[in-house]
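Reviewing the structure listed below.
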Amino acid sequence: MNKITPIEYFHKNRERMLEELKELLRIPSVSAQPFYKDDVKRCADWLINHCKKIGLIAEKRETEGNPLVLARTPGYKEAKYRYLVYGHYDVQPPEPLELWTKTKNPFSPVIADGNIYGRGTADDKAQLFMHLKAVECFLATGTPLPCGISFLFEGEEEIGSRSLETFLQKHAEDLSCDLVIISDTGMPALNCPAVTCGLRGVLALEVTLTGPNRDLHSGIHGGAVQNPAHVLCSMIAALHDQDGKVTVPGFYDEVCNLTEFEKKQFLNLPYNDEEYKKSLGVEELFGEKGYTSTERRMARPTLEVNGLTSGYQGKGGKTIIPSTASAKITCRTVPNQDAKSLQNKVCAYLEKICPKTVSIKIEKEQAGNAYLIDPAGKSVSAAIRALEKAFGCKATIMREGGSIPIVVDFKNYLKADSLLIGLSLPDDNAHSPNEKFSLECFDKGIETSIYLWNELVS
Ligand code: BES
Ligand code: MN
Ligand code: MN
56 MNKITPIEYF HKNRERMLEE LKELLRIPSV SAQPFYKDDV KRCADWLINH CKKIGLIAEK
116 RETEGNPLVL ARTPGYKEAK YRYLVYGHYD VQPPEPLELW TKTKNPFSPV IADGNIYGRG
176 TADDKAQLFM HLKAVECFLA TGTPLPCGIS FLFEGEEEIG SRSLETFLQK HAEDLSCDLV
236 IISDTGMPAL NCPAVTCGLR GVLALEVTLT GPNRDLHSGI HGGAVQNPAH VLCSMIAALH
296 DQDGKVTVPG FYDEVCNLTE FEKKQFLNLP YNDEEYKKSL GVEELFGEKG YTSTERRMAR
356 PTLEVNGLTS GYQGKGGKTI IPSTASAKIT CRTVPNQDAK SLQNKVCAYL EKICPKTVSI
416 KIEKEQAGNA YLIDPAGKSV SAAIRALEKA FGCKATIMRE GGSIPIVVDF KNYLKADSLL
476 IGLSLPDDNA HSPNEKFSLE CFDKGIETSI YLWNELVS
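Numbering (the working numbering), first residue to last: 56 to 513.
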């Protein structure tokens, strides 16, 4: 009797696999909010059980934070080639709930118009699940894998991967591999699958200005004392010039410019400013002068205010001069920049431009570097071949503006590069209401993963 191939097995079992994915999506594993602590743990347990069910050797590793899921194919340690699939099972908070439409409940996934909707679909549950299902297709059909495959899923990616970094320091040996495979990024369009060769880094800080020692009556005191909200606004306004350049001294010093080759590749990506504007609901795009919007997003450093707080925010009015004003700020960094020293430059500049009328306190948070992999390297070519087989069209290379800070630690501690094959589409609404993942991407993603292993070893 003829055995069936992994691809045939996938098509026979696709509906069941989608049901399993829905089960995974129903667990509200929100890492940012303590309310969901038990659900996060339940999600790790669900994954452990699922890994065991498909024939992997799986174990839960407790950390100071959320548990890690570690699983491997039988015989992993002795395999000639060893690949580590990384993903994260934690998801962003689902708020604002009232803006979810296809499904009213972000944790009751629904399938509609060729997509699966729900929190964590694109980022990152459906994407990590594709690789598990691909390996199941080999194990269930008795098809030999040309390599050992292990899985590492964490539950703290959306809050900075702190426990995983500590774990990598201690257990590098345990996780040793030739290459890390990650599907947690995007691609430009269904007919344009792409390998991501660069990610931006990210650094964060929170600045707090304090003026008077309490909120003041703005009639009694207004005019005689500086308002920290005003100071904060003018300081923030001073962080960019008219041309959209960041004014922090030395901000662009180490930036590695794009090569002509990369610039050309980027021009071929199917991004269109007119459509982009429309999809965002803005009249005009804005950014650093002298660069295309694709270059700005993928390869230029930026500084953004993420949140502003000061004074009275409730219903109605309140005539006060607030005592404090604060801003959460992040910068995206690009290859060659050192995130830590850039963080220091931003802090120093904020302190320098702060007037004596208020006091300033800056809380430094994470600082992670950008990542770059050789676009002409063997693993990128292997991934391109796997994508082309699965999607039936040309695949290309790109960079992403988002960050997965742990890839730098994989390089430092495991000495392994990360191959980024993400299949999320630009309208997937990661971190937003109505997050979705295309079922076509899910199908092609499983097929890509099935093809990938043989391409990587050839
Ligand atoms: N999957 C994203 C990162 C991403 C998305 C990279 C799209 C490239 C394209 C990840 O889950 C994420 O949200 N990362 C955070 C990191 C931050 C919390 C340190 C980010 O980029 O904001
Ligand atoms: Mn992600
Ligand atoms: Mn995310």
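Beta carbons: idealized from backbone N, C-alpha and C, even for Gly. The structure presented is a predicted model; accordingly, all values stated were derived computationally and were not measured.
With respect to 7 Å, is the separation between the Cβ of residue i and the closest non-hydrogen atom of ligand 2 below this value?
i	result
D179	yes
H143	yes
D239	yes
E212	yes
With hydrogens ignored, establish whether the beta-carbon of residue i is closer than 7 Å to any heavy atom of ligand 3.
i	result
Q44	Here the chain comprises residues numbered 56 to 513, so residue 44 is not present and cannot be evaluated.
E455	no
H186	no
A259	no
Does the CB of residue i have a neighbour CB from chain B at under 8 Å?
i	result
K444	Looking for chain B here will not work: only one protein chain is present.
If you check the beta carbons only, do residue i and residue j fall under 8 Å apart?
i	j	result
E220	I461	yes
I452	V250	yes
L102	V85	no
C496	L474	no
P151	P488	yes
A403	R255	no
I501	A189	yes
A99	G210	yes
Y64	V512	no
R355	E338	no
L358	V310	no
F341	G277	no
Q182	H486	no
S238	G142	yes
M353	G432	no
V413	P243	no
Between residue i and residue j, what straight-line distance do the alpha-carbon atoms span, to the nearest angstrom?
i	j	result
D229	Y144	21 Å
Q421	R387	12 Å
R174	I376	40 Å
K400	E317	29 Å
L313	K416	36 Å
K499	Q224	35 Å
V303	V389	16 Å
N246	Q281	56 Å
P149	F206	26 Å
A177	I166	13 Å
D168	G253	32 Å
E133	L507	20 Å
Kindly list the residues whose CB is nearer than 7 Å to the CB of residue i, restricted to its own chain and excluding five residues on each side of it in sequence; keep chain order.
i	result
N170	K491, F492, S493 and L494
L79	W101, K180 and F184
C232	R137, Y138, L139, S205, L469 and A471
With distance defined between alpha-carbon atoms, name the residue in the options nearest to residue i.
i	options	result
K470	H226, L154 and C496	H226
S434	N424, N489 and Y138	Y138
V286	V140, T263 and N246	T263
L271	D483, S378 and V337	S378
N323	I112, M290, Y367 and R454	R454
A394	K77, Y367 and F306	F306
T240	L478, S365 and D233	L478
E114	K157, V140, A437 and F208	F208
A259	A134, H105, G423 and L294	G423
S396	K411, K419, A380 and T374	K419
Leaving out five residues before and five after residue i in sequence, what residues of the same chain have Cβ atoms less than 6 Å from its Cβ?
i	result
I59	T196
T503	A441, L442 and A445
E409	Sequence inspection shows Cys at residue 409; the Glu mentioned does not correspond to that position. Same-chain partners within the cutoff: I415.
Y91	P83 and V85
K383	E261, N361 and G362
M50	Given a span of 56 to 513 for the chain in the structure shown, any question on residue 50 remains unanswerable.
Check whether the Cβ of residue i lies closer than 7 Å to any heavy atom of ligand 4, and answer yes or no.
i	result
D464	In the structure on display, ligand 4 does not appear, and the ligands it does have are ligand 1, ligand 2 and ligand 3.
Is any heavy atom in ligand 1 found nearer than 7 Å to the beta carbon of residue i?
i	result
G215	yes
H486	yes
S218	no
P460	yes
L254	yes
Using a Cβ-Cβ cutoff of less than 8 Å, which residues in the same chain neighbour residue i once the five nearest sequence positions on both sides are dropped?
i	result
I62	C192, E502 and I505
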